[in-house]
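J.: With the sequence shown counted from 1, adding 211 to any position gets you my numbering.
Below you will find the structure I want to go over with you.
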Amino acid sequence: MASSPRSRSGSTAGSSASRRTANAAARASGGRAAARAGAVGGNQNMVMVGVGVVVVVLVAFFALRGGSTPAKPTAAPAAAKPAAAKPAPVESAPPPAARGFGEGEAKAGKPPRTPAPEIDLAQIAKADAAVELAKAKKNEAETARRAGDHSAFKSHLDAAMTAMQQCRSAVEPYTDWLEEADLEGWAMPASYVSLQARLGAWDKLFQQIKKINPNH
């Protein structure tokens, strides 16, 4: 049975409408997919921007702090230097005023009953210095006396006598043994021979000062 033209026309119209509906649905679906893709892309971009900001902040933070520097290796301790050898002790020269003391010959004689005390050259130097001061004060006293200055004369003479007393005190620890050795005829070391000679010269000076001032 042949179909009428109105029926075919209706079918064709129905088919066209169905296609339009399907196309519209497809476009709508595509728009939603695109929107979702755009939203996802935007989120990714925001995440990347956020990460970049954090990196910049961290870089700036470490730059301000100077950054983390690696620990320097600890230097090995320096080897200890060997101790310097101590110089050999040098014998000290006698005081200038005591030079020549004890350089003569020893005196022969009986064996001493007691050993001679060792003479300290510093004491001899002290005695020599006192004698030199006594000589200077004696000369100044004589000058003051000739000038008629009695006060200065007495002051210088007293100083000369004090210096001679200091000389005697410096060698007193040795004079007792020397006197006994001289009386008993003991053998004397060269130092005591020198001391005996000095005592003779010092006694002459003392007598000169005493003669100037009869009050002593």
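The beta carbon of each residue, even a glycine, is placed where N, CA and C say it ideally should be.
Given the structure is predicted, the values throughout are model-derived calculations rather than measurements.
Take L344 as the anchor and find which of A355, Q377, E391, T386 has the nearest alpha-carbon.
T.: Start at 1 with the first residue of the sequence shown, and residue 344 comes out as number 133. It is Q377 whose Cα lies nearest to the Cα of L344.
J.: Given a threshold of 16 other Cβ atoms within 10 Å of its Cβ, counted over all protein chains shown, does K349 qualify as buried or as exposed?
T.: Your numbering for residue 349 matches position 138 in the sequence shown. Buried: at least 16 other Cβ atoms inside 10 Å.
J.: When the Cα atoms are used, what is the spatial distance from Q407 to A336?
T.: By 1-based counting over the sequence shown, the position of residue 407 is 196. By 1-based counting over the sequence shown, the position of residue 336 is 125. Cα to Cα, the separation comes out at about 15 Å.
J.: Between R324 and S362, what straight-line distance do the alpha-carbon atoms span, to the nearest angstrom?
T.: Working through the sequence shown from its first residue, we reach residue 324 at position 113. Working through the sequence shown from its first residue, we reach residue 362 at position 151. One C-alpha to the other measures close to 51 Å.
J.: Per DSSP, what are the beta-bridge partners of M372 in this structure?
T.: Translated into positions along the sequence shown, residue 372 becomes position 161. DSSP output for M372 lists no bridge partner at all.
J.: Under the assumption that I423 contacts Y385 (Cβ atoms under 8 Å), give the Cβ distance between them as a whole number of angstroms.
T.: For this step, residue 423 is matched to residue 212 along the sequence shown. For this step, residue 385 is matched to residue 174 along the sequence shown. Not a contact, Cβ separation roughly 28 Å.
J.: By how many angstroms is the C-alpha of A333 removed from the C-alpha of K365?
T.: Working through the sequence shown from its first residue, we reach residue 365 at position 154. Working through the sequence shown from its first residue, we reach residue 333 at position 122. Their Cα atoms are separated by approximately 31 Å.
J.: Thinking just about the alpha-carbon of each residue, which of E351, R379, S405 is nearest to the one in A317?
T.: Residue mapping note: residue 317 aligns to position 106 of the sequence shown, counting from 1. Residue S405 is the option with its Cα nearest to A317.
J.: Using 10 angstroms around the beta-carbon of D414, count the other beta-carbons present and answer buried if the total reaches 16, otherwise exposed.
T.: In the sequence shown, counting from the first residue as 1, residue 414 sits at position 203. Its Cβ having fewer than 16 others within 10 Å, D414 is exposed.
J.: Which runs of the beta strand (DSSP E), 3 residues or longer, sit entirely within the segment 328-352?
T.: none
J.: The alpha helix (DSSP H) with D414 in it runs from where to where?
T.: If you number the sequence shown from 1, residue 414 lands on position 203. Residues 401-423.
J.: Is A392 closer than 8 Å to G313 when the C-beta atoms are compared?
T.: Counting from 1 along the sequence shown, the entry for residue 313 is found at position 102. Counting from 1 along the sequence shown, the entry for residue 392 is found at position 181. Not a contact, by the Cβ cut-off of 8 Å.
J.: Which same chain residues end up closer than 7 Å to A315 when comparing Cβ atoms and leaving out the 5 residues on each side of it in sequence?
T.: Indexing the sequence shown from 1 puts residue 315 at position 104. For the record, residue 315 in the displayed sequence is Gly; it is not Ala. Closer than 7 Å at Cβ, skipping near neighbours: A401, V404, S405.
J.: Please name the residue in A319, Q418, K321, G320 whose C-alpha comes closest to that of A371.
T.: On the sequence shown, residue 371 is found 160 positions in, with the first residue counted as 1. Nearest of A319, Q418, K321, G320 to A371, Cα basis: Q418.
J.: What does the Cβ neighbour count give for L389, buried or exposed, with the cut at 16 atoms within 10 Å?
T.: Here residue 389 corresponds to residue number 178 of the sequence shown, with the count starting at 1. It counts as buried.
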